[in-house]
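So the structure is just underneath, and the comments pick up after that.
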Amino acid sequence: MRTALAGLLLLGFLSGAVHSCTLMARVTDRFETRLNMAAPIRLIVDTGSGDIHLSRGPEDQLIVRSRFTVSAPDREQARQLAKQIKADPPIETTGQTIEIGDLRKYRNNLGFFSKLSVSITMSFEVQAPYETEVELNSGSGDQYAADLRGPLRSQAGSGDVEITEIARQVSVETGSGEISVSGASEVRAEAGSGDVKLEQISGAVEVNVGSGDVALKDIAADLRVDTGSGEIQVDSGLSEDVKWHLEASSGDVVLRLPAEAQFTLAAETHSGDIEVAFPLVTTGKATPHDLRGSVGEHPAAEIHIETSSGDIQINKGP
Numbered sequence: 002m003r004t005a006l007a008g009l010l011l012l013g014f015l016s017g018a019v020h021s022c023t024l025m026a027r028v029t030d031r032f033e034t035r036l037n038m039a040a041p042i043r044l045i046v047d048t049g050s051g052d053i054h055l056s057r058g059p060e061d062q063l064i065v066r067s068r069f070t071v072s073a074p075d076r077e078q079a080r081q082l083a084k085q086i087k088a089d090p091p092i093e094t095t096g097q098t099i100e101i102g103d104l105r106k107y108r109n110n111l112g113f114f115s116k117l118s119v120s121i122t123m124s125f126e127v128q129a130p131y132e133t134e135v136e137l138n139s140g141s142g143d144q145y146a147a148d149l150r151g152p153l154r155s156q157a158g159s160g161d162v163e164i165t166e167i168a169r170q171v172s173v174e175t176g177s178g179e180i181s182v183s184g185a186s187e188v189r190a191e192a193g194s195g196d197v198k199l200e201q202i203s204g205a206v207e208v209n210v211g212s213g214d215v216a217l218k219d220i221a222a223d224l225r226v227d228t229g230s231g232e233i234q235v236d237s238g239l240s241e242d243v244k245w246h247l248e249a250s251s252g253d254v255v256l257r258l259p260a261e262a263q264f265t266l267a268a269e270t271h272s273g274d275i276e277v278a279f280p281l282v283t284t285g286k287a288t289p290h291d292l293r294g295s296v297g298e299h300p301a302a303e304i305h306i307e308t309s310s311g312d313i314q315i316n317k318g319p
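Just add 1 to wherever you are in the sequence shown, counting from 1, and you've got my numbering.
Encoded structure:
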């Protein structure tokens, strides 16, 4: 009897909670803050739910714009919290470090149940000096960053990440979403589920994808790619002494190299075909699933390719 009564009480509580969620009041507002900052600076931007857009701005100023929505059980509570955020935005400065998006100070004055029922979604548009080191974190939302020196580190639970023209290292991790990086130095990209596209990368590249395709263009240094399920495509020149390691559990690996490329090759596929458009001098016994050899008189670059299920193609470009 007690168990049944407890179940009814719990059901009633949950029903009430669901009903109250449908009646949540929402207030949307904006703020803009300008900080006089001498570069170099370190910038940290966090948002649980919302987009982040970061670009180059004045060399002596940081500009932060935000559009946010407060959801609360009643409109007055939502309005008061929105008013507090607008009057005292979530921006903290410690020396040359600026942290944007820490919402804990707004929740500290809320009761236990209010903390559970009140939610804040906040998107940021930030302009920073070129000499800025960047860390971006979002639970759900897209990220964009461009035209900064870096280095840049990005983490996104769910959402697309686009990075362009970062002079130093770039590191991107997403649980679910597409990663796109162009015009950067060293790049490390990791996606649980989503495609990865990299272009014009001057330094070493490392890519790990659980499920998704990888498309690379104009990679100047060492390259390592590992995909669980997805195709790997590389369209690039081949510098001397570089090492490329490409591995796909399920998916094709397709390379397009210049006609004058010189390299050693070790290609293996457990279930698939291997096609090489270059004049390959084989070493050892070549089979349809295992091919090793060299191209050119001075093959300094190394290419290692392995697929469990998929074809391997090495095509000749212009």
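Beta carbons: idealized from backbone N, C-alpha and C, even for Gly.
This one's a predicted model, so the numbers in the text were calculated from it and none came from an experiment.
Residue 286 by DSSP, collapsed to three states: which one?
Position 285 of the sequence shown, counted from the start, is the residue given in the question as residue 286. Correct three-state label for residue 286: coil.
Is it buried or exposed for residue 272, if we count other Cβ within 10 angstroms and need 16 for buried?
Taking the sequence shown and counting its residues from 1, one reaches residue 272 at position 271. Answer is exposed; the Cβ neighbour count stays below 16.
Taking DSSP as the reference, what is the three-state secondary structure of residue 145?
In the sequence shown, residue 145 corresponds to position 144, counting from 1. The answer is strand: DSSP assigns residue 145 an E or B state.
Does DSSP classify residue 124 as helix, strand or coil?
Numbered from its first residue, the sequence shown carries residue 124 at position 123. Looking at residue 124 - three-state DSSP - the assignment turns out to be strand.
Under 8 Å, with one C-beta from each stretch per pair, do the stretch 71-81 and the stretch 163-178 reach the 3-pair mark?
no
Would you say the stretch 273-293 touches the stretch 229-236, given that touching needs at least three Cβ pairs under 8 Å?
no
Sequence ranges, beta strand (DSSP E) only - wholly within the stretch 85-112, length at least 3
92-95, 98-101
Measure the alpha-carbon distance for residue 106 versus residue 262 and round it to whole angstroms.
Looking up residue 106 in the sequence shown gives position 105. Looking up residue 262 in the sequence shown gives position 261. The alpha-carbon atoms of residue 106 and residue 262 are separated by roughly 58 Å.
Alpha carbon to alpha carbon, how far is residue 251 from residue 191?
If you number the sequence shown from 1, residue 251 lands on position 250. If you number the sequence shown from 1, residue 191 lands on position 190. For residue 251 and residue 191, the distance between alpha carbons rounds to 17 Å.
Three-state secondary structure assigned by DSSP to residue 114
One-based indexing of the sequence shown puts residue 114 at position 113. Since pLDDT at residue 114 reaches only 39, below the 50 mark, its modelled position is unreliable, and no value is offered.
Between residue 47 and the rest of its own chain, which residues show a CB-CB distance below 6 Å, the 5 nearest in sequence each way excluded?
As a working mapping, residue 47 is identified with position 46 in the sequence shown. Closer than 6 Å at Cβ, skipping near neighbours: 102, 138.
Grouping DSSP H, G and I as helix and E and B as strand, with all else coil, what is residue 57?
Your numbering for residue 57 matches position 56 in the sequence shown. DSSP places residue 57 in strand when its eight states are reduced to three.
Expressed to the nearest angstrom, what Euclidean distance is found between the alpha-carbon atoms of residue 58 and residue 130?
As a working mapping, residue 58 is identified with position 57 in the sequence shown. As a working mapping, residue 130 is identified with position 129 in the sequence shown. Those two C-alpha atoms are separated by around 5 Å.
Does the beta-carbon of residue 254 have 16 or more other beta-carbons within 10 angstroms, so that it is buried, or is it exposed?
Position 253 of the sequence shown, counted from the start, is the residue given in the question as residue 254. Result: buried.
For residue 315, the nearest candidate out of 30, 280, 72, 95 (CA to CA)
As a position in the sequence shown, residue 315 is number 314, starting the count at 1. Of the listed residues, the one whose Cα sits closest to residue 315 is 280.
Closest to residue 265 by CA distance: which of 29, 241, 234, 154 is it?
For the purposes of this step, residue 265 is taken as residue 264 along the sequence shown, with counting starting at 1. The residue with the shortest Cα to Cα distance from residue 265 is 241.
So, with DSSP's three-state summary, where would you put residue 154?
To locate residue 154, count along the sequence shown from 1; it is residue 153. Residue 154: strand per DSSP, three-state reduction.
Thinking residue 212 and residue 194 are a contact (beta carbons under 8 Å), I'd like their distance in whole angstroms, please.
Locating residue 212 in the sequence shown gives position 211, where the first residue counts as 1. Locating residue 194 in the sequence shown gives position 193, where the first residue counts as 1. 5 Å between Cβ atoms; contact.
Could I get the ranges of all uninterrupted beta strand (DSSP E) runs contained in the stretch 185-270, with 3 residues as the minimum, in chain order?
188-194, 197-202, 206-212, 215-220, 224-230, 233-236, 244-251, 254-258
If you compare alpha carbons, which of 296, 282, 248 is closest to residue 310?
Sequence index remark: in the sequence shown, residue 310 carries index 309 (1-based). Checking every option, the nearest Cα to that of residue 310 belongs to 248.
Between which two residues does the beta strand (DSSP E) containing residue 281 stretch?
Looking up residue 281 in the sequence shown gives position 280. Neither: residue 281 is in no beta strand (DSSP E) and is coded neither H nor E.
Go through its chain and collect everything with a Cβ distance to residue 126's Cβ below 7 Å, but skip five positions before and after it.
Within the sequence shown, the letter at position 125 stands for residue 126. Correct list, in chain order: 54, 66.
Using beta-carbon positions only, say whether residue 159 and residue 171 come within less than 9 Å of one another.
In the sequence shown, residue 159 corresponds to position 158, counting from 1. In the sequence shown, residue 171 corresponds to position 170, counting from 1. No, the pair does not count as a contact, with Cβ atoms beyond the cut-off.
Comparing alpha-carbon positions, which option in 277, 32, 56 lies nearest residue 91?
As a first step, residue 91 must be located in the sequence shown, where it is residue number 90. Nearest option by C-alpha distance: 32.
Nearest-angstrom Cβ-Cβ length linking residue 223 and residue 205, presumed shorter than 8 Å
Indexing the sequence shown from 1 puts residue 223 at position 222. Indexing the sequence shown from 1 puts residue 205 at position 204. Going by Cβ atoms, the distance from residue 223 to residue 205 rounds to 4 Å, so yes, they are a contact pair.
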